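In the working numbering, the protein residues as written are 46 to 162.
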């Protein structure tokens, strides 16, 4: 049995508008992780992200810096960080959006609750 090695890094999103994002997310399953370097609650969950990414290989995780993408945050109604917004084939399928600190278990439970296609 051959085990496939999964890259546990997150793609980092450059400054992007809503139209460009829709094109990027058109095919596949994605989770956008909204964060900022100065945010203590974001820094609390960051160490758990490689394990979360490895646990959910069906999703591509994309880190979105809130400060660099403030217009996108407004377009998607993401006003608190850290936050997670999930997409499947261009459609939003779930969100864990608020300004509260999130545990690894909360993020995992959110992802497990998402529809499977």
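We put the beta carbon where it would ideally sit given N, CA and C, even for glycine. Model, not experiment: these values are computed from the prediction.
At a Cβ-Cβ threshold of 8 Å, residue 126 and residue 132 do not count as neighbours. In the structure shown, residue 156 adopts helical secondary structure according to DSSP, grouped into three states. The shortest C-alpha to C-alpha distance from residue 150 to any of 68, 90 and 140 is the one to 90. Residue 116 sits in a helix when the DSSP states are folded into three classes. For residue 141, the CB contacts under 6 Å within the same chain, skipping 5 residues up- and downstream, are 129 and 155 in chain order.
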